[in-house]
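Undergrad:
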Amino acid sequence: AGIGVSGFAAADALLELGASVEVIDETTSESASEKGTLLEILGGEVRLGPGSSATLPPADLVIASPGWRPSSAALAQAAASGTPIWSEIELAWRLSHPDRVVPWLAVTGTNGKTTTVNMLESILAAAGYSVAAVGNVGRPAMEAVLDETVYDVFAVELSSFQLHYTHTLSCHSSVVTNVHADH
């Protein structure tokens with residue numbers, strides 16, 4: 008559900024792993040259209056534009072992009088039908104290479120997440136660690152998990168929407184910067 012940065016990364020990774028993938032998104036942007044064309048070339052199905060997410064296609068699993076509210080029609084249908092809903096973060100965690108266990112250091116909260124993750128990444132890199140800043144900070148976790156680079160640690164920014172559909176994530180360390188009513 009969604010063809011933004013994390014939705015595209017999840018769809019691309021799942022196609023690479025041999026899954027049957029259908030992406031839905033209400034957007035009509037040029038960027039979404041280009042990503043959709045690429046996913047179709049890779050063997051995925053893509054439905055874009057108004058009304059495309061009104062009805063959830065049959066699915067064994069839904070990966071929800073963080074920009075999608077749980078009350079959206081497609082996610083509400085999935086929840087009502089008992090279809091599991093995961094975030095891209097949950098997918099990345101579950102698909103982490105068992106032979107390359109990488110500690111996840113997570114940061115969440117209403118504000119200060121990006122600054123804190125960027126600072127954490129800088130500190131770890133200065134200490135000589137191979138680190139990737141992932142999650143809500145810009146680079147999807149799926150990309151880093153499937154990357155050929157061997158990382159020592161992930162600095163992970165998590166938004167409230169990413170956490171909503173994250174069920175089994177077990178970080179090495181986590182911090183909540185602050186919480187306000189809108190979160």
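If you're matching positions, the sequence shown starts at 8 in the numbering used here and goes up one per residue. Cβ coordinates follow ideal geometry from the N, Cα and C atoms, glycine included.
Among Thr121, Ala85 and Ala8, which residue has its Cα nearest to the Cα of threonine 184?
TA: Looking up residue 184 in the sequence shown gives position 177. Closest option to threonine 184, Cα to Cα, is Thr121.
Undergrad: For glutamate 37, which three-state DSSP category applies?
TA: Along the sequence shown, read from residue 1 onward, the residue named residue 37 stands at position 30. Helix.
Undergrad: Is the beta carbon of alanine 71 less than 8 Å from the beta carbon of tyrosine 172?
TA: Sequence index remark: in the sequence shown, residue 71 carries index 64 (1-based). Sequence index remark: in the sequence shown, residue 172 carries index 165 (1-based). Yes, Cβ-Cβ distance for alanine 71 and tyrosine 172 is below 8 Å.
Undergrad: Can you give, in chain order, each stretch of the alpha helix (DSSP H) that sits fully within the stretch 11-62 and has at least 4 residues?
TA: Taking only runs of at least 4 residues, the alpha helix (DSSP H) segments lying wholly in the stretch 11-62 are 12-23 and 37-48.
Undergrad: My guess is that valine 30 and glycine 50 are in contact by the Cβ rule of under 8 Å, so how many angstroms apart are they, rounded?
TA: Along the sequence shown, read from residue 1 onward, the residue named residue 30 stands at position 23. Along the sequence shown, read from residue 1 onward, the residue named residue 50 stands at position 43. The Cβ separation is near 12 Å, so there is no contact.
Undergrad: Nearest-angstrom Cα distance between glutamate 164 and valine 12?
TA: Against the sequence shown, residue 164 aligns to sequence position 157. Against the sequence shown, residue 12 aligns to sequence position 5. If I take the Cα positions, the gap works out to 14 Å.
Undergrad: For alanine 71, report the span of its beta strand (DSSP E) as first-last.
TA: Residue numbering aside, residue 71 sits at position 64 when the sequence shown is read from its first letter. Looking at the DSSP string, the run of the beta strand (DSSP E) that includes alanine 71 is 69-71.
Undergrad: Looking at C-beta atoms only, is the number of pairs between the stretch 36-47 and the stretch 61-80 that lie closer than 8 Å three or more?
TA: No contact exists between the stretch 36-47 and the stretch 61-80.
Undergrad: Take tryptophan 100 and list the residues in its own chain whose beta-carbon comes closer than 6 Å to its own, dropping the five residues that flank it on each side.
TA: Within the sequence shown, numbered from 1, the residue matching residue 100 stands at position 93. For tryptophan 100, where only same-chain residues beyond five positions count, the Cβ hits under 6 Å are Leu176.
Undergrad: Please go through the same chain and pick out, in chain order, the residues whose beta-carbon is closer than 8 Å to the beta-carbon of valine 69, but skip the five residues on each side of it.
TA: For the purposes of this step, residue 69 is taken as residue 62 along the sequence shown, with counting starting at 1. These residues qualify, in order along the chain: Ala8, Leu63, Ala81, Leu82, Ala85, Thr90, Pro91, Ile92 and Trp93.
Undergrad: Which stretch, first to last residue, makes up the alpha helix (DSSP H) that contains glutamate 150?
TA: In the sequence shown, the residue the question calls residue 150 occupies position 143. First-last of the alpha helix (DSSP H) with glutamate 150: 148-153.
Undergrad: Using C-beta distances below 6 Å, list every residue in its chain close to proline 110, excluding the 5 sequence neighbours before and after it, in chain order.
TA: For the purposes of this step, residue 110 is taken as residue 103 along the sequence shown, with counting starting at 1. So the list reads Val160 and His179, once near-sequence residues are dropped.
Undergrad: Find the nearest neighbour of leucine 55 within the set Arg76, Glu33 and Val144, judged by alpha-carbon distance.
TA: By one-based count along the sequence shown, residue 55 stands at place 48. Closest option to leucine 55, Cα to Cα, is Glu33.
Undergrad: Under 8 Å by Cβ, that's how I've got valine 138 and tyrosine 158 pegged, so tell me the actual separation to the nearest angstrom.
TA: Within the sequence shown, the letter at position 131 stands for residue 138. Within the sequence shown, the letter at position 151 stands for residue 158. Contact flag correct, Cβ pair sits at about 6 Å.
Undergrad: So which of Ala17, Leu127 and Gly142 has the shortest CA-CA distance to glycine 135?
TA: By 1-based counting over the sequence shown, the position of residue 135 is 128. It is Leu127 whose Cα lies nearest to the Cα of glycine 135.
Undergrad: Going by DSSP, name the residue or residues bridged to serine 103.
TA: For the purposes of this step, residue 103 is taken as residue 96 along the sequence shown, with counting starting at 1. DSSP lists no partner for serine 103.
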